[in-house]
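Enquirer:
Below, the structure written as structure tokens:
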């Protein structure tokens, strides 16, 4: 892989990116919601989770670790346990669940959406976890805020906790659903390289502008 392919985001379907001859050490992402794919919960579950399995089967991180940030879904007075389905998919692909953290998005009552998400880390074969102090906590409170009307993002701190725990400086992190570039910003701050995919052109442009305009803040000591 040439240096020009390091720290790059492709404006394309992640399945196309995953077909390229790219190398990366760790996979970190939050999958798209039903609405982003034009699907309806419950009715389209088979298609939604079948697509997830197709994508996840293409992962090949050198450090054998994948972290998925995912929220369960409330719909028509039912709960769709998305985190459970993801674990079943990963288990079928040969990954074991290492740990699950809870990212608390808000402490206010929300009758339509859950105010927390699961941060699920999976591994196959041999792997290394640094067991950093910031990662050890089981619950992480980082309030969610949208960015210029884009609400499918997560706080950069969530990405930093995971990337800081499972990678070293100079490692390459792949995010198949880069969105507005939160993973890339966390990588820049922690001196990691990044690769990503973002299929939506408008979101891609917003993310690239955000990344290009960012300044690197002080890097916390990950120990």
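Residue numbers (this note's numbering): 106 to 328.
Note that the Cβ used here is the ideal one computed from N, Cα and C, for glycine as well.
These numbers were taken from a predicted model, which means no experiment stands behind them.
Are the beta-carbon atoms belonging to residue 302 and residue 281 less than 8 angstroms from one another?
Expert: Closer than 8 angstroms, so yes.
Enquirer: If you draw a straight line from the C-alpha of residue 120 to the C-alpha of residue 262, how long is it?
Expert: Looking at the two C-alpha atoms, the distance is approximately 27 angstroms.
Enquirer: Helix, strand or coil, according to DSSP, for residue 360 in the structure here?
Expert: Lying before the first or after the last residue shown, residue 360 is absent from the chain, which here runs from 106 to 328.
Enquirer: For residue 228, list the residues DSSP reports as bridge partners.
Expert: Answer is 170, 201.
Enquirer: Please name the residue or residues paired with residue 298 in a DSSP beta bridge.
Expert: According to DSSP, which records beta bridges pairwise, residue 298 is partnered with 277.
Enquirer: Report all residues from its chain with a CB closer than 6 angstroms to the CB of residue 260; omit the five preceding and five following residues, and keep chain order.
Expert: Only 247 meet the Cβ criterion.
Enquirer: Leaving out five residues on either side along the sequence, give the residues of the same chain with a beta carbon under 6 angstroms from the beta carbon of residue 186.
Expert: Counting only Cβ-Cβ distances below 6 angstroms, and skipping sequence neighbours, we find 177.
Enquirer: Roughly how many angstroms lie between the CA atoms of residue 151 and residue 304, to the nearest whole one?
Expert: Roughly 22 angstroms separates the two Cα atoms.
Enquirer: Could you check if residue 216 is buried or exposed, using at least 16 other CB atoms within 10 Å of its CB as the buried criterion?
Expert: Exposed.
Enquirer: Helix, strand or coil: how does DSSP classify residue 317 here?
Expert: Here residue 317 sits in helix by DSSP.
Enquirer: From the DSSP output, in three-state form, read off residue 161 for me.
Expert: Three-state result, residue 161: helix.
Enquirer: In three-state terms, what does DSSP make of residue 209?
Expert: In the structure shown, residue 209 sits in a strand (DSSP, three-state: E or B).
Enquirer: When DSSP labels each residue in this structure, what does residue 287 get in the three-state scheme?
Expert: Helix, per DSSP.
Enquirer: Residue 237 and residue 269: beta carbons closer than 8 angstroms?
Expert: Going by C-beta atoms, residue 237 is nearer than 8 angstroms to residue 269.
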